[in-house]
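To convert, note that position 13 of the sequence shown is 81 in our numbering; the numbers rise steadily by one, no gaps.
From the three backbone atoms N, C-alpha and C, an ideal C-beta is built for every residue, glycine too.
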Amino acid sequence: MLEQKKQDRSELRKRADWADALDAEIYQSSIELNAEKNRAGEQIKGLKQALKQRSSELKTDKIKAVSEIERLNKALKESADWAKSVDKEMARVHKELVAEKGRSGKQIKGLTQALKQRSDDLDTEKTRAITEIKRLNKALKESAGWAKSVDRKMARVHKELAAEKGRANKEIKGLTQALKQRATQIEAEKKKAVTEFTRLNQALEQQGNWAHSLDTELNHMKKDFSKTIQLLNTELKEQGDWARSLETRLEETKSEFSQTAQLLNATNDQLFLERKQASNDREIAAQEKEKLHQLSSEFENFSNSTKVEISSLQEQSRNWEALYLKKEEIISQILASHSWKLTKPLRVFTRLGRNLRDIKIYNPARWPYIFKRIRHSLAIRGFTGTLSRVQSHHEPQPQPDTQTLVDSHSIEIKQGNIEGISFPQLESPEVSIIIPLYNQYAYTQACLLSLLSVANKTTFEVILVDDCSTDETAQLLDCYSGITTLRNNENLGFIGSCNRGADAARGQYLVFLNNDTKVTDHWLDTLLATFSEFPKAGIVGSRLVYPDGSLQESGGIIFKDASGWNYGRNGNADEPKYQFAREVDYVSGAALMISAKLFNGFGGFDTHYSPAYYEDTDLAFKCRKAGYSVMVQPRSTVIHFEGISSGTDLSQGMKKYQLVNHKKFQQRWSTELKLQPDPIVDPDDIATVKAAAEHYKQKKLLLIDACTPQPDQDSGSVRIINMMRIFRDLGYQVTFFPDNRAWDGKYSEALQALGIEVLYNDWINNLPEFFANRGSEFETVVISRHYIAENYLSLLEKHMSQARFIFDTVDLHYLREQRHAELEQDQALFKTAARSRRAELKIINQADTTLVVSPFEKSILAHDAPDARVDIVSNIHPLHGSRKSFSERKDIFFVGGYQHPPNIDSAIWLANEIWPLIHAKLPEVNCYLLGSKAPPEVQKLGGDGLIFKGFVEQLEPWLDNCRIALAPLRYGAGVKGKVNMSMSFGQPVVASGIAVEGMYTENGREVLVADDVEGFAAEVVRLYENEKLWNKLSDNGLKNVDEHFSFAAARKNIVAMMEALDK
């Protein structure tokens, strides 16, 4: 019976489904019918609109025709009226003639002649009138004909419309009949369906009633069966409880017996042990008693000896204290003595000589040059200033710390427990670091720890992609917090894992980092900064070093046969040729940064090379083909345990794909490979390897200056660095050589990060040897300052005759010294200026061209060296703009590098003579003295709102927040960087005439100028209180920098200069 019920229910469900389907079909047919009705209605509506539009057009044509007919009728009527008036006039004239007939003959004759003339005129007018009437009649006839044609056209159109309306009515009638017929059919089908549906519903209702009765009966049976089951369960539960209680009582009884037995055994054992322990305790007590007696004797002896030693040490301490006081007194007497003061220069020069010997800078051949420099400086700066300058330039300099850095990161990998590692959670990281990994969890741990421990300002997220690791990695990844962990369901290889990590990245830039690496301080900051410094950079890679500190790679070389080479492999990581940013063929995927947009645009690493190898090289070639460059940034250092990830055997494992993918890469890039260098036969051939690595740079430029530029110390350094940037961007590989050959820490590193090769210390011990070996590489040499250039002229002539020699004056030294002499009226200074003039002009006349910073200095040389070529390359500044308004600023400041004598003079003049007048008018305003290397006479300046601050790390806060900058220079030459810098920030300047010389300025337009104390103070007060004037100077100052002192202006001048030298 139950089976029959199931079948019936199934049949009912089928019939219900059939009814639902039929209802759905009816509903669909109804929808289609409505759609057809709507379409027919739309067609009829369209025809009606077309008829309405045509009717409207015909009505418009009719109105126009009627209007034209009315106009012609009006014109005809007007012509007829005119003709009638002419007839009336003729009648009136005739009447007048008759009336006048009786007058005298003369009058009649005159009247007759006038009448005749009038008659002729009237005849002429009548003829014209008749002609006009004929024309109008003809026009009227034509208009009537046109109107008739219009009527005929309208009739034809009406006929066509009627025919079209008839056809439309027929079509509509046919459609209506078809629709009615279809509606009748549908209605019939609907009635049939409703009838069938009703029948089915009745049958379904009967079946439902039957099923309901069956359900009711079944429910009753279920209830009875449930009650029976409940009774059985209750009885079973009671029996189970009784059985469990019996079992519990049995277990309790067993436990009691077991406990009793254990207790008896334990009691026996305890009694035995206690007896044995008692025996041992008696023996030990006897031994301890003997030891205690011995220790008591030893302690008594030690106590006595300690008392004696303490007494002796106290006596020694008193003696040492007395000796120290005596030595302090002697030292005080020595320091206060005249002999100590008189021998101070001797001690200083002894220390300097020792330093010079230690860092191997100078040799006896250069002593005449050194003495000349010292004599010149003594004349300009005096003894104290010269001594300070020599000490600052020639004190021992720190060396690059790569070796120490790597040694401090030496890694001893130990298998063992890994503690949890936590990274900060970031919503919008700048960089996403993607680490693909397979096993080697201890290396992954070391890599992550290094990411957390090193210094970096760049925000980043870490994405770990586990490629089905089989060691503890899979279980230990959950210990890491703040990290995105992705686990591959199948082994995807390096390429697949990297691409999957990139898909999950949120950073603007991606870094692919091997798990067998350790990073170092600022590795990430430097990579990211490279994209700002080199806007066309598409990929930037780190310098890779081995754990022992030797170089693994500073960029890679690809040869014509698609083979590759790690540039600098196993070399000295500190060697200058490996230490600067430059364009390369490729960088290793072990530490590679690329923008997420560019990477995704290329479709990620190409799976053509799956699972690994040559994917990074292929990406580099794609990047270069798209117009971007591939850079290595050696200032970003990563320690790489090469071979841990994939091994080193090319015949097995992942490493075998290196050979397989080499062929794939060679086939894909066969055209581009023709432009690559030839394969290297001997990897130890240093010159050949270097040439292959530098094949992108066809032009080389050597720049020599006194020391490494320090842009936060003086404006001249800003100019020389930006000049090197422009030469670099013009395609030159720039090599910088400081005359003092000192490694200058962060300043040398900054040049290397800009892509400048920096030579220093042990890498250039022998100057003639360096020029002999490398002089032929350079096609241009730039030397700054005449006292530096004169030391290299013979070397240039001997080893660099092919090179163009550009002499950079920085400023005309002899002009500055001449002005200083005139200010001081010092004959010794006049002689020094004359010597400088002879030396400087000699070099100017020998150079291929000479650089000056202003048109004023160019005009000076046009007189003093008329045969010399002179070009202007002035100060170079980016345009920052005014970032705060007049009301948001307060106070004033002066800044200068105090190793430069004119700045010392300015600060003292400002403090002693100008500032008191300003302070009297603006007592609430402070004036700050900023700048590096200030001598004691400047450091002691201050009081009444004048505050000495000295060197500041960042000048921008003063440029943004102070209302005015001051430049009260009384002598000098060249263009003043302090003025350019303030103007580039929209900060107005009050200056002396010399301070703005050659700067294309006008008093009251870009700056305020005054040369006397009272005038200078008055201009400062006026500008400080006048917002309108302040805004005018701010806006015009920005325009001045943009036009004359921007990168674009300097680049234009340099390009013109180099093109002229090429001719």
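Decide if residue i is buried, meaning its Cβ has at least 16 other Cβ atoms within 10 Å, or exposed.
i            : result
residue 1131 : exposed
residue 610  : buried
residue 866  : exposed
residue 830  : exposed
residue 787  : buried
residue 1123 : exposed
residue 731  : exposed
residue 943  : buried
residue 951  : exposed
residue 1037 : buried
residue 982  : buried
residue 1044 : buried
residue 121  : exposed
residue 853  : buried
residue 968  : buried
residue 906  : exposed
residue 879  : buried
residue 644  : buried
residue 773  : buried
Taking DSSP as the reference, what is the three-state secondary structure of residue i?
i            : result
residue 803  : strand
residue 1038 : coil
residue 502  : strand
residue 920  : strand
residue 1076 : strand
residue 634  : strand
residue 762  : coil
residue 525  : coil
residue 1067 : coil
residue 702  : strand
residue 661  : strand
residue 950  : coil
residue 793  : helix
residue 511  : helix
Just how far apart, CA to CA, sit residue i and residue j?
i            : j            : result
residue 811  : residue 546  : 46 Å
residue 537  : residue 566  : 15 Å
residue 997  : residue 769  : 38 Å
residue 1052 : residue 1111 : 11 Å
residue 689  : residue 1021 : 41 Å
residue 555  : residue 573  : 15 Å
residue 1083 : residue 1017 : 26 Å
residue 631  : residue 548  : 40 Å
residue 870  : residue 851  : 16 Å
residue 957  : residue 1058 : 16 Å
residue 1103 : residue 1069 : 13 Å
residue 531  : residue 579  : 10 Å
residue 753  : residue 746  : 13 Å
residue 534  : residue 595  : 25 Å
residue 1071 : residue 1077 : 6 Å
Assuming the contact rule is C-beta atoms closer than 8 Å, residue i and residue j should be a hit. Round their C-beta distance to whole Å, please.
i            : j           : result
residue 792  : residue 824 : 6 Å
residue 1065 : residue 922 : 7 Å
residue 1009 : residue 975 : 6 Å
residue 881  : residue 908 : 6 Å
Taking only beta-carbon atoms, is residue i less than 8 Å away from chain B?
i           : result
residue 569 : Looking at the structure shown, chain B is missing, and only one protein chain is on hand.
Rank the options by C-alpha distance to the C-alpha of residue i and give the top, closest one.
i            : options                 : result
residue 987  : 1003, 1013 and 973      : 1013
residue 515  : 707, 1021, 1050 and 859 : 707
residue 701  : 754, 789, 635 and 747   : 635
residue 697  : 709, 677 and 655        : 655
residue 805  : 764, 783, 790 and 856   : 856
residue 1040 : 603, 704 and 924        : 924
residue 619  : 604, 658 and 642        : 642
residue 1119 : 940, 758, 1087 and 817  : 940
residue 1108 : 1090, 1048, 535 and 663 : 1048
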